[in-house]
Ligand SMILES: NC(=O)c1ccc[n+]([C@@H]2O[C@H](COP(=O)([O-])OP(=O)(O)OC[C@H]3O[C@@H](n4cnc5c(N)ncnc54)[C@H](O)[C@@H]3O)[C@@H](O)[C@H]2O)c1
């Protein structure tokens, strides 16, 4: 029976597509459900709906049908919910996609189905938001359906693939509303993953685990961003200091400063806990401060440029600023919450001209090659460490009369750039 169980994956993005592929690979009868016609068409034509090294390699061997028709849920034994959990302009969690996906499931639920939420949520969402939607439809938890949470941890993209961690081999935690639900969900993941599956005592603990992991990262990044700002004044190269501290074999984990924290997870997930904790009268001061520090980095990056321009008696107004990179991480087209957007906003406020180039986002770029960008720019801000930028011939900067380079990812060779006569400034170096 088990390998013939029907699985519906709701949300076929960075998280959902790999999970659907893994379920197909392990013998499940899988259907993908999404609202994006573009994604459905890509998948039904055997093409990956996301830029992810691992899934792009394996997907062609494990295809499945995708649809926007929710009636496919009526046959589903296992439903994976992998919809977005964004924040709004005021940094408030937007649980709209989770609520609407749950309502869709509740309208088409097959009795006995196991519903597993993979999206990142604050502790309490399964119990206080999702379960009541099923309650309203008269479904009894543990009898008519089971509800579990297995937060995804993967870091999609090209570099993630080369790091060796994929949706398949990463360890996972699973929690559910009932012991039986935990067992069922853990058994499903043990079948499709090679990573370890750790059973949590409750669904709330599983929800809290993911938020803790991403908040841990945000806090540590905020710490090095703060150090970068102070080291800039103290004339200490943070890059060298991190290398030094990394020689300690325990109790230190390197994190790196940059022009901003992007993506769908790290700059978003802590707000889910910050806001939820407020409802029980708790103020997450450290999380709030960390978010504020990390949110300040795009503006700080522009200030670094402004200071260097002032030193050569120029102003940002009218300066042609070439921006290398729109996406937030290397060699991928993902520009969600990318610091690029805040940097552009800040430059425009100062009436600078901006010219962007990202080889992975040609439609959003102002020019279509690195050479064209160099030809049209007075100064450069690097915002993404794509291979193309890291491997560029640094002599081209001087050749194109670039006066200043702000390295927002500390990824270029400072000495070579300075030796060539171009002013270099990294974040904290
Ligand atoms: N991308 C990551 O790096 C990552 C890693 C771990 C966890 N997560 C979490 O996983 C969740 C999904 O993230 P993602 O990056 O895959 O998002 P995504 O935007 O890449 O994909 C989400 C998909 O869900 C679809 N969708 C939205 N509402 C729907 C609905 N009601 N029914 C069916 N489909 C619907 C969208 O059309 C989209 O295709 C989020 O909670 C995110 O925080 C993301």
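Numbering (the working numbering), first residue to last: 1 to 429. Note that beta-carbon positions come from the ideal geometry of N, C-alpha and C, so glycine has one too.
Spatial distance of residue i from residue j (CA atoms)
i: residue 290; j: residue 373; result: 34 Å
i: residue 217; j: residue 408; result: 19 Å
i: residue 357; j: residue 261; result: 19 Å
i: residue 249; j: residue 141; result: 48 Å
i: residue 152; j: residue 343; result: 30 Å
i: residue 163; j: residue 318; result: 42 Å
i: residue 135; j: residue 101; result: 15 Å
i: residue 390; j: residue 323; result: 14 Å
i: residue 426; j: residue 234; result: 14 Å
i: residue 349; j: residue 115; result: 47 Å
i: residue 338; j: residue 267; result: 10 Å
i: residue 1; j: residue 29; result: Only weak support is given to the placement of residue 1: the predicted model assigns it a pLDDT of 44, under 50, and the question is left unresolved by the model.
i: residue 165; j: residue 155; result: 8 Å
i: residue 383; j: residue 369; result: 16 Å
i: residue 416; j: residue 394; result: 7 Å
i: residue 429; j: residue 228; result: 7 Å
i: residue 51; j: residue 157; result: 6 Å
i: residue 106; j: residue 361; result: 38 Å
i: residue 304; j: residue 231; result: 13 Å
i: residue 12; j: residue 108; result: 19 Å
i: residue 45; j: residue 8; result: 18 Å
i: residue 347; j: residue 354; result: 7 Å
i: residue 56; j: residue 418; result: 40 Å
i: residue 254; j: residue 242; result: 6 Å
Heavy atom of ligand 1 within 8 Å of residue i beta-carbon
i: residue 33; result: yes
i: residue 433; result: Residue coverage of the chain in this structure runs from 1 to 429, which leaves residue 433 outside it and unanswerable.
i: residue 268; result: yes
i: residue 92; result: no
i: residue 275; result: no
i: residue 153; result: yes
i: residue 330; result: no
i: residue 72; result: no
i: residue 191; result: no
i: residue 309; result: no
i: residue 85; result: yes
i: residue 421; result: no
i: residue 149; result: no
i: residue 108; result: no
i: residue 49; result: yes
i: residue 256; result: no
i: residue 362; result: no
9 Å Cβ cutoff, residue i in contact with chain D
i: residue 92; result: Structure shown: chain D not included; a single protein chain is present.
Selection from the options that minimises the alpha carbon distance to residue i
i: residue 147; options: 215, 188, 130; result: 130
i: residue 4; options: 387, 77, 32; result: 77
i: residue 404; options: 320, 72, 80; result: 320
i: residue 81; options: 95, 87, 88, 428; result: 95
i: residue 53; options: 118, 180, 149, 167; result: 167
i: residue 83; options: 104, 71, 74, 75; result: 104
i: residue 435; options: 92, 21, 125, 341; result: Only positions 1 to 429 of the chain appear in the structure, and residue 435 is not among them; the question remains open.
i: residue 209; options: 258, 269, 264, 223; result: 269
i: residue 411; options: 257, 13, 44; result: 257
i: residue 204; options: 123, 132, 181, 273; result: 123
i: residue 120; options: 396, 387, 265; result: 265
i: residue 145; options: 169, 352, 184, 118; result: 184
i: residue 237; options: 23, 414, 17, 21; result: 414
heavy atom of ligand 3 below 8 Å from residue i C-beta
i: residue 101; result: Ligand 3 is not part of the structure shown, which contains ligand 1 as its ligands.
Examine the Cβ distances between the segment 324-331 and the segment 280-297 and report whether three or more of them are shorter than 8 Å.
no
Okay, do the segment 164-178 and the segment 193-205 touch, 3+ Cβ pairs below 8 Å being the bar?
yes
Is it a yes or a no for the segment 55-67 touching the segment 33-46, going by three-plus beta-carbon pairs under 8 Å?
yes
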